[in-house]
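Some notes on the structure that comes next.
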Amino acid sequence: MDQIKSLHYIAMRKLLFILAIAFRALMAQPAAETLELAVGETKVIDCDWDIVQISTSAPEIVDTVAINRREVLLQAKGQGLSTVGLWSRNGQRALYRVTVTPDMGQIRELLRRTFPGEQIEVHAAGGAISLTGRASSAAVAERAAALVAPMAKNVVNNLEVAAPAPEKQVMLKVKFAELNRSAFSSIGVNILSTGALNTSGRVTTGQFSPPAVNEIFPRGLDRLGVTGATPGNPANQVTNFTLNDALNVFAFRPDLNLGAMIEALRSRGVLQILAEPNLIATENKEASFLVGGEFPIPVVSGTATLSQVTIVFKEFGIRLSFQPQLTANRTIRLHVKPEVSTIDMNNAVTMNGFTVPALSTRRVETDIELAEGQSFVIAGLMDDRATEAMSRIPGLSSLPVLGALFKSREERKTKTELVVIVTPSIIDPASPQAAVGPVMPLSFIPSSQPEAGKKSENGREGN
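Okay, structure coming up:
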């Protein structure tokens with residue numbers, strides 16, 4: 004029994020001795036030193052003893068080069084974590100835990116050159132790259148993150164996006180006017196001349212002949228302030244142009260008072276305003292409006308034995324489409340597409356008892372650059388009508404020979420022209436801090452007391 008206890012005691016002493024040696028060896032092992040390098044950076048490690056063996060856990064992240072027996076060069080090649088170990092012949096060793104991060108200076112310089120004026124900051128956080136600050140737009144924030152992504156394994160985009168600037172708008176003030184060409188010619192002026200006095204440019208369909216000189220009027224016809232001759236000039240005459248083109252676009256000089264001219268013509272019974280719509284469009288977005296109507300077109304669908312007729316409506320009239328763009332000097336560049344379509348019964352098609360009229364369309368597409376307040380005119384939409392009116396006295400007008408004395412016949416020819424006058428203007432959007440709507444009073448107006456001896460509304464006398 005005593006022999007068994009003695010054996011157990013010896014075994015326990017041996018086990019404790021082995022554990023003590025292992026613990027002492029574990030405590031003697033050096034702790035790993037932490038190093039942080041940027042991609043492309045190098046660092047030299049010095050040792051107090053001769054190095055006989057070098058090891059790295061991730062050569063693609065950290066590469067090692069022995070300079071001499073006691074110096075080792077670390078080269079950071081890629082982003083990540085690597086452990087570098089050094090050993091001596093006597094069993095001494097040193098461990099280094101190397102963390103390789105992207106080159107923050109290079110990233111900051113790249114962002115500064117790519118996005119000048121942007122408030123973008125770069126920070127390294129836990130092996131990731133964090134972008135903080137304020138970007139002018141969401142597109143800038145996305146582009147900044149995409150630019151940094153190839154240089155870092157993980158990019159956290161914490162950029163704040165500034166509120167987008169309100170889009171600028173352009174308002175078109177449109178006037179549809181009917182011009183009496185017969186009365187207009189009798190005055191002896193022409194607002195739609197293509198000379199350099201009042202128009203800046205002209206665009207036409209080119210389907211017809213250009214304007215032609217057909218009449219010369221004497222001087223003194225500039226009372227409307229439109230065109231005219233200069234007093235005292237021997238060649239004091241005004242040339243009248245006939246607009247033979249189907250559709251013309253004129254750009255007027257901004258210093259002319261087109262409103263005063265229209266009012267003067269309207270007071271003389273030459274011009275009549277038919278409509279004055281206003282249209283607002285955002286910059287670089289197309290807007291259009293139509294003044295006209297729709298007519299039905301039957302559409303037959305189905306088979307030969309079983310067919311079905313549906314009605315589709317087709318628009319016609321005066322259509323104006325435009326796309327505004329503001330330039331750096333606050334001029335307005337308009338992409339204009341005026342179109343005029345009328346029903347043409349001469350080319351109508353009859354099918355299965357249905358008469359489908361044709362459309363006569365005239366269209367112009369051009370670019371115009373105007374100053375704010377400058378007007379352009381779409382003209383050349385002629386309408387010639389001949390009417391015949393007969394008046395007679397019943398009974399007496401039917402008498403032979405003498406009946407012609409008791410009746411009369413009158414023929415009238417009217418020549419009108421539809422003129423579309425367009426004036427663009429820039430609308431600056433209100434800031435969010437600006438008050439919207441009328442400002443209401445903060446307190447009510449105090450009521451007035453009736454004077455003594457006077458009756459109030461209820462019939463009682465005041466105090």
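By the count of my numbering, the sequence shown reaches residue 466 at its end, each step adding exactly one. Positions of the beta carbon are idealized from the N, C-alpha and C atoms, including for glycine. On a predicted model such as this, the values are computed, not experimentally measured, just so you know.
Do you know how far the Cα of S363 is from the Cα of M354?
Translated into positions along the sequence shown, residue 354 becomes position 351. Translated into positions along the sequence shown, residue 363 becomes position 360. Cα to Cα, the separation comes out at about 20 Å.
Leaving aside the five residues before and after H126 along the sequence, list all residues of the same chain whose C-beta is less than 6 Å from its C-beta, in chain order.
Counting from 1 along the sequence shown, the entry for residue 126 is found at position 123. Closer than 6 Å at the Cβ level, and outside the excluded window around H126, lie S133.
Of all the options V158, L182, Q82 and A142, which has the alpha carbon lying nearest to the alpha carbon of P167?
Here residue 167 corresponds to residue number 164 of the sequence shown, with the count starting at 1. Nearest option by C-alpha distance: A142.
Measure from the C-beta of S139 to each C-beta in chain B and report whether the shortest distance is under 7 Å.
This model lacks chain B altogether, as it is built from one protein chain only.
Best match in G108, D106 and T59 for proximity to L89 [C-alpha to C-alpha]:
Residue 89 sits at position 86 when you count from the first residue of the sequence shown. Among G108, D106 and T59, the Cα nearest to that of L89 belongs to T59.
Out of curiosity, what's the CA-to-CA distance linking S291 and F325?
Position 288 of the sequence shown holds residue 291. Position 322 of the sequence shown holds residue 325. Taking the straight line joining both Cα atoms gives about 6 Å.
Taking the CB atoms as reference points, tell me whether I430 and L373 lie closer together than 7 Å.
For the purposes of this step, residue 430 is taken as residue 427 along the sequence shown, with counting starting at 1. For the purposes of this step, residue 373 is taken as residue 370 along the sequence shown, with counting starting at 1. Not a contact, by the Cβ cut-off of 7 Å.
Beta-carbon separation of N170 and Y99 under 7 Å?
Against the sequence shown, residue 170 aligns to sequence position 167. Against the sequence shown, residue 99 aligns to sequence position 96. Reading the sequence as shown, one finds Glu at residue 170 and not Asn. No. Outside cutoff.
Which of the three DSSP states is assigned to E1 in this structure?
No answer is possible for residue 1: it lies beyond the span of the chain, which begins at 4 and ends at 466.
Just to confirm before moving on: does the CB-CB distance between A278 and F179 stay below 7 Å?
Here residue 278 refers to the residue found at position 275 of the sequence shown. Here residue 179 refers to the residue found at position 176 of the sequence shown. Taking 7 Å as the Cβ cut-off, A278 and F179 qualify as a contacting pair.
Unbroken alpha helix (DSSP H) runs of length 4 or more, entirely within the segment 148–190: which are they?
184–190
S394 in three-state terms, based on DSSP
Within the sequence shown, residue 394 is the residue found at index 391, counting from 1. S394: strand per DSSP, three-state reduction.
Let me confirm a value: P403 is counted as buried when at least 16 other C-beta atoms fall within 10 Å, else exposed. Which label applies?
For this step, residue 403 is matched to residue 400 along the sequence shown. Exposed: under 16 other Cβ atoms inside 10 Å.
Assuming contact is defined by CB atoms lying nearer than 7 Å, are A138 and V159 in contact in what I supplied?
On the sequence shown, residue 138 is found 135 positions in, with the first residue counted as 1. On the sequence shown, residue 159 is found 156 positions in, with the first residue counted as 1. With contacts defined as CB atoms closer than 7 Å, A138 and V159 fail to qualify as a contacting pair.
Starting from P403, trace the beta strand (DSSP E) in both directions and tell me its first and last residue.
Counting from 1 along the sequence shown, the entry for residue 403 is found at position 400. Neither: P403 is in no beta strand (DSSP E) and is coded neither H nor E.
Output needed for A351: all residues of its chain with C-beta closer than 8 Å, excluding positions within five of it in sequence on either side, in chain order.
Position 348 of the sequence shown, counted from the start, is the residue given in the question as residue 351. Answer for A351: T358, V359, P360 and A361, listed in chain order.
Given this structure, state the Cα-to-Cα distance separating K469 from Q172, to the nearest angstrom.
The structure shown has nothing for residue 469, since the chain only spans 4 to 466.
Quick check: S91 and D53, are their CB atoms within less than 7 Å of each other?
Counting from 1 along the sequence shown, the entry for residue 91 is found at position 88. Counting from 1 along the sequence shown, the entry for residue 53 is found at position 50. It is a contact, given that the beta carbons lie within the stated cut-off.
Mind checking which residues open and close the beta strand (DSSP E) that includes K340?
Reading the sequence shown from its first residue, position 337 is the one you call residue 340. Judged by DSSP secondary structure, K340 falls within the beta strand (DSSP E) whose first and last residues are I335 to M354.
Compare the beta carbon distance of I123 and A155 with 7 Å and say whether it is the shorter of the two.
As a first step, residue 123 must be located in the sequence shown, where it is residue number 120. As a first step, residue 155 must be located in the sequence shown, where it is residue number 152. If you check the CB distance, I123 and A155 do not come in under 7 Å.
In angstroms, rounded to a whole number, what distance separates the CA positions of N281 and T417?
By one-based count along the sequence shown, residue 281 stands at place 278. By one-based count along the sequence shown, residue 417 stands at place 414. If you take the alpha carbons of N281 and T417, they lie about 30 Å apart.
Taking DSSP as the reference, what is the three-state secondary structure of I13?
Locating residue 13 in the sequence shown gives position 10, where the first residue counts as 1. In the structure shown, I13 adopts helical secondary structure according to DSSP, grouped into three states.
Indicate the three-state DSSP secondary structure (helix, strand or coil) for L224 in the structure shown.
Start at 1 with the first residue of the sequence shown, and residue 224 comes out as number 221. The predicted model places L224 with a pLDDT of 39, which falls under 50 and marks its position as unreliable; any figure quoted below should be read in that light. The answer is coil: DSSP assigns L224 none of H, G, I, E or B.
Alpha-carbon spacing of L227 relative to Q275, whole angstroms:
Here residue 227 refers to the residue found at position 224 when the sequence shown is read from its first residue. Here residue 275 refers to the residue found at position 272 when the sequence shown is read from its first residue. Unreliable positioning characterises L227 in this predicted model, as indicated by a pLDDT of 37, which lies under 50. A coordinate reading is not provided.
C-alpha gap between K46 and T86, whole angstroms
Here residue 46 corresponds to residue number 43 of the sequence shown, with the count starting at 1. Here residue 86 corresponds to residue number 83 of the sequence shown, with the count starting at 1. In a straight line, the C-alpha of K46 is about 14 Å away from that of T86.
How would you call N161, buried or exposed, if buried means at least 16 neighbouring beta carbons within 10 angstroms?
Counting from 1 along the sequence shown, the entry for residue 161 is found at position 158. Exposed: under 16 other Cβ atoms inside 10 Å.
Terminal residues of the continuous beta strand (DSSP E) containing R412?
The residue you call residue 412 lines up with position 409 of the sequence shown. K410 to I430 is the extent of the beta strand (DSSP E) around R412.
Cβ-based neighbour list, E318, same chain, cut-off 7 Å, excluding 5 preceding and 5 following:
Taking the first residue of the sequence shown as position 1, residue 318 is located at position 315. Around E318: L293, G295 and E297.
Could you give the distance in angstroms between the alpha-carbon of E44 and the alpha-carbon of G81?
Translated into the one-based positions of the sequence shown, residue 44 becomes position 41. Translated into the one-based positions of the sequence shown, residue 81 becomes position 78. E44 and G81: Cα-Cα distance of roughly 10 Å.
Evaluate Q377 with the Cβ neighbour count: other Cβ atoms within 10 Å of its Cβ, from every protein chain shown; 16 or more gives buried, anything less gives exposed.
By one-based count along the sequence shown, residue 377 stands at place 374. Buried.
By the three-class DSSP mapping on this structure, what secondary structure does A61 have?
The residue you call residue 61 lines up with position 58 of the sequence shown. It is coil, neither helix nor strand.
Buried or exposed: which applies to E112, given that a residue is buried once 16 or more other Cβ atoms fall within 10 Å of its Cβ?
Position 109 of the sequence shown, counted from the first residue, corresponds to residue 112. The residue in question, E112, is exposed, as its Cβ has fewer than 16 Cβ neighbours within 10 Å.
Closest residue to I64 among E121, V55 and L77 (Cα-Cα distance)
As a first step, residue 64 is located in the sequence shown; it is residue number 61 there, counting from the start. Closest option to I64, Cα to Cα, is L77.
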